[in-house]
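Under our numbering, read the sequence shown as residues -6 to 211, first letter to last. Right, one structure below, let's go through it.
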Amino acid sequence: MSSYSYTAFYDLDHTILDGNSATHLVMESRKRGVMSERQYRQAVWLSILYKLNIGNHTRMINRMLSWLEGVRESDITQLSEEIFNTIIKETIRPEILDTIREHRSKNSSVVLLSSATTPICQPVTRYMELDEMICTQLESESGILTGHTNGKLVYGPEKKVRMLEFCRKTGSDPLKAWYYGDSHTDRYVMEAVGNPVAVSPDRRLKKIAAKHMWPILL
């Protein structure tokens, strides 16, 4: 059984961060020659389709990760650490830190639950002293990334699956749990917790939040 009273789960991009961590990683990888110009153009195109809600989001995100094929895992880990320390750290939202402090004062555990990949999530989790991170793992063979995920992408319905799995393992009640998210694709996990909070929600999540009378943090 967990020694905490409840768990507060947080999404990363556009929730903890005022922006998207993958965008910074892609931009810096292009500058350093880790990503080719063709791969960069494909990533930008897929990002546009994603934002316009065109096509299968899960398939698009998996295609976005294909540029990592053949890259040393240690190189991406180091690059992600550098990007976090120089860029991403400055985009952490102060209002989110306030909510975390409030949850901590009530004996809550705080868990990162995001579709972002391990190299980005690790420095965030460490810097913010979060209790756990549940995120998308990258597949590697002998230290070389394959361009695929190791297990399912932590996205959409899979977030709900991972949240419930974590609650079962720790003896935490999902109806006492909180989830902070920004996208309509988070609705599955938000409907499964007792305390969903929409953070600067996209248009579709704003409608869902209004319908269910979920609080909105702008």
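Every residue, glycine too, gets a C-beta built ideally from N, C-alpha and C. The model shown is predicted, which means the values in this text are computed figures rather than measured ones.
{"Item": "With H, G and I counted as helix, E and B as strand and the rest as coil, what does DSSP make of P112?", "Value": "helix"}
{"Item": "Quick test of the definition: if touching needs 3 or more C-beta pairs under 8 Å, does the segment 60 to 71 touch the segment 126 to 138?", "Value": "yes"}
{"Item": "By how many angstroms is the C-alpha of D179 removed from the C-alpha of D166?", "Value": "19 Å"}
{"Item": "Output the residue ranges of the beta strand (DSSP E) runs that lie fully inside the segment 134 to 192 and measure 3 residues or longer, sorted by chain position.", "Value": "137 to 142, 171 to 174, 188 to 192"}
{"Item": "In whole angstroms, what separates the C-alpha of Y(-3) from that of S101?", "Value": "5 Å"}
{"Item": "Distance check for R31 and R97, CA to CA, integer angstroms please.", "Value": "45 Å"}
{"Item": "Let's see if you can read the secondary structure: which residues bound the alpha helix (DSSP H) around I89?", "Value": "87 to 98"}
{"Item": "Rounded to a whole number of angstroms, what is the C-alpha to C-alpha distance between I201 and H17?", "Value": "29 Å"}
{"Item": "Helix, strand or coil: which one does DSSP assign to S59?", "Value": "helix"}
{"Item": "Tell me the DSSP secondary structure of E74 in three-state form.", "Value": "helix"}
{"Item": "Give the straight-line distance between the Cα atoms of P208 and A185, rounded to the nearest whole angstrom.", "Value": "15 Å"}
{"Item": "Can L39 and M57 be called in contact, C-beta distance under 8 Å?", "Value": "yes"}
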